[in-house]
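Undergrad: Numbering (the numbering used here), first residue to last: 28 to 313.
The structure is given below, and queries will be raised subsequently.
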């Protein structure tokens with residue numbers, strides 16, 4: 028209130044002085060000094076104000092970004108199992124994925140995932156998995172030397188545990204929300220053909236720090252994963268936050284887990300695959 032009154036008085040004086048001679052300049056300078064001094068005095072009073080008993084120093088608060096907070100909350104919602112999953116659990120499993128999962132299939136040839144089967148194709152996503160089998164430019168996976176749609180492929184394998192990791196090729200094309208709708212439709216089609224399937228939705232894994240696109244970036248990947256989790260909770264599907272297993276403290280893909288850091292920045296090394304399998308083996312309940 029005091030500051031407002033002084034500013035008002037100063038404005039009136041400056042108006043009066045505006046039409047006077049140069050001799051009035053000293054008065055203007057004095058008014059300016061008065062206003063500056065008043066600001067400093069008030070800020071000084073605020074700086075020595077005692078904090079309330081329940082207040083915490085600002086540096087006591089977390090500096091996590093919203094994306095990291097979401098990342099942590101999702102991971103905490105999928106607790107680590109007390110005992111490690113037996114590899115035989117995967118004998119009745121089929122993995123559905125794009126080129127990221129394709130790398131996992133090569134690594135799993137050593138038996139780390141039991142007798143798991145894979146339906147993978149480079150550039151596969153929730154959106155293009157819904158295309159007709161004869162559609163031009165389709166990227167449907169192969170099964171027994173023949174192209175199949177994901178829903179038909181899952182049915183033909185007879186596997187009841189379906190672990191899906193798609194979305195990396197969707198976000199940039201369809202955006203987060205439309206990609207989620209495509210995910211729902213694919214799951215519906217799988218369950219229509221094989222109602223007793225257990226659907227495990229795996230989160231999309233992040234990019235390395237230096238490979239962030241305008242739309243496909245770790246912020247949108249995190250948002251997509253958050254919405255995946257919400258759909259799984261709503262529909263009674265299993266959500267697996269694999270992203271946590273391969274992310275650093277900032278939510279980026281650990282460079283040592285990335286096989287193409289200077290190119291796409293999304294694919295895994297063997298160590299990255301090992302971390303992925305370790306996560307599955309400790310976050311799936313038998």
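Note that beta-carbon positions come from the ideal geometry of N, C-alpha and C, so glycine has one too.
1) Determine which residues share a DSSP beta bridge with residue 285 and list them.
2) What are the partner residues of residue 147, as DSSP defines its beta bridges?
3) Contact defined as beta carbons within less than 8 Å: I believe residue 306 pairs with residue 295. What is the distance between those atoms, to the nearest angstrom?
4) Looking at C-beta atoms only, is the number of pairs between the stretch 251 to 261 and the stretch 215 to 230 that lie closer than 8 Å three or more?
5) Would you mind stating whether residue 234 and residue 278 have Cβ atoms separated by less than 8 Å?
6) May I ask you to report which of helix, strand or coil DSSP gives residue 192?
7) Any idea if residue 238 is buried or exposed, counting beta-carbon neighbours within 10 angstroms, 16 or more meaning buried?
8) Hey, how far is the Cα of residue 185 from the Cα of residue 177?
9) From which residue to which residue does the alpha helix (DSSP H) around residue 227 run?
10) Which of the three DSSP states, helix, strand or coil, is assigned to residue 213?
11) Whole angstroms is fine: what's the gap from residue 147's alpha carbon to residue 309's?
12) In terms of residue numbering, what span does the alpha helix (DSSP H) encompassing residue 182 cover?
13) Run through DSSP, which three-state label would residue 75 get?
14) Going straight from the alpha carbon of residue 134 to that of residue 125, what length do you get?
15) Closest to residue 114 by C-alpha separation, out of 132, 130, 219, 139, would be which residue?
16) Counting only the same chain and skipping the five closest in sequence on each side, list residues whose C-beta sits under 8 Å from that of residue 292.
17) By how many angstroms is the C-alpha of residue 261 removed from the C-alpha of residue 130?
18) Can you tell me whether residue 120 is buried or exposed? The criterion is at least 16 other CB atoms within 10 Å of its CB, across all chains shown.
19) With a threshold of 16 other CB atoms inside 10 Å of the CB of residue 155, please say whether the residue is buried or exposed.
20) Taking the alpha carbon of residue 300 as the point to measure from, which residue in 269, 290, 289 has its own alpha carbon closest?
21) Counting only beta-carbon atoms, is residue 113 nearer than 8 Å to chain C?
22) Quick one: grab the DSSP three-state call for residue 274.
23) What do you reckon, are the CB atoms on residue 220 and residue 182 nearer than 8 Å?
24) Under three-state DSSP, which class holds residue 134?
25) Give me the Cβ distance between residue 205 and residue 152, rounded to the nearest whole Å; I'm assuming they're in contact under 8 Å.
26) When the Cα atoms are used, what is the spatial distance from residue 160 to residue 109?
27) Secondary structure at residue 111, three-state DSSP: helix, strand or coil?
28) Take the Cβ of residue 271 as the centre, count every other Cβ of all protein chains shown within 10 Å, and call the residue buried at 16 or more, exposed below.
29) Could you give the distance in angstroms between the alpha-carbon of residue 302 and the alpha-carbon of residue 107?
TA: This is what the structure gives:
1) Answer is 295, bridged to residue 285.
2) Note: residue 147 sits in a beta bridge opposite 124.
3) Residue 306 to residue 295, Cβ: 12 Å. No contact.
4) Result yes; three or more Cβ-Cβ pairs closer than 8 Å.
5) Not in contact: residue 234 and residue 278 (Cβ atoms no closer than 8 Å).
6) Here DSSP, grouped into helix, strand and coil, assigns residue 192 to strand.
7) By the neighbour-count rule (16 or more Cβ atoms within 10 Å), residue 238 is buried.
8) Their Cα atoms are separated by approximately 13 Å.
9) Per DSSP, residue 227 belongs to no alpha helix (DSSP H); it is in the beta strand (DSSP E), 225 to 229.
10) Three-state result, residue 213: helix.
11) So the two alpha carbons sit approximately 24 Å from each other.
12) Per DSSP, the continuous alpha helix (DSSP H) segment holding residue 182 begins and ends at 177 to 184.
13) Residue placement at residue 75 cannot be trusted, given a pLDDT of 36 that sits under 50; what the coordinates show is reported in the next sentence. Correct three-state label for residue 75: coil.
14) Here the alpha carbon of residue 134 sits roughly 15 Å from the alpha carbon of residue 125.
15) Taking only the C-alpha atoms, the option nearest residue 114 is 139.
16) Contacts found: 234, 235, 237, 238, 280, 285.
17) Using only the alpha carbons, I get a separation of about 31 Å.
18) Buried, by the Cβ-count rule.
19) By the 10 Å Cβ count, residue 155 comes out buried.
20) Measuring from the Cα of residue 300, the nearest candidate turns out to be 269.
21) Among the chains in the structure shown there is no chain C, since it carries only a single protein chain.
22) In this structure, DSSP gives residue 274 an extended state, which the three-state scheme calls strand.
23) The answer is yes: Cβ separation under 8 Å.
24) The answer is helix: DSSP assigns residue 134 an H, G or I state.
25) 11 Å between Cβ atoms; not a contact.
26) The straight-line gap from Cα to Cα measures roughly 43 Å.
27) Looking at residue 111 - three-state DSSP - the assignment turns out to be coil, as it is neither helix nor strand.
28) Buried, by the Cβ-count rule.
29) Rounded to the nearest whole angstrom, the CA to CA distance from residue 302 to residue 107 is 14 Å.
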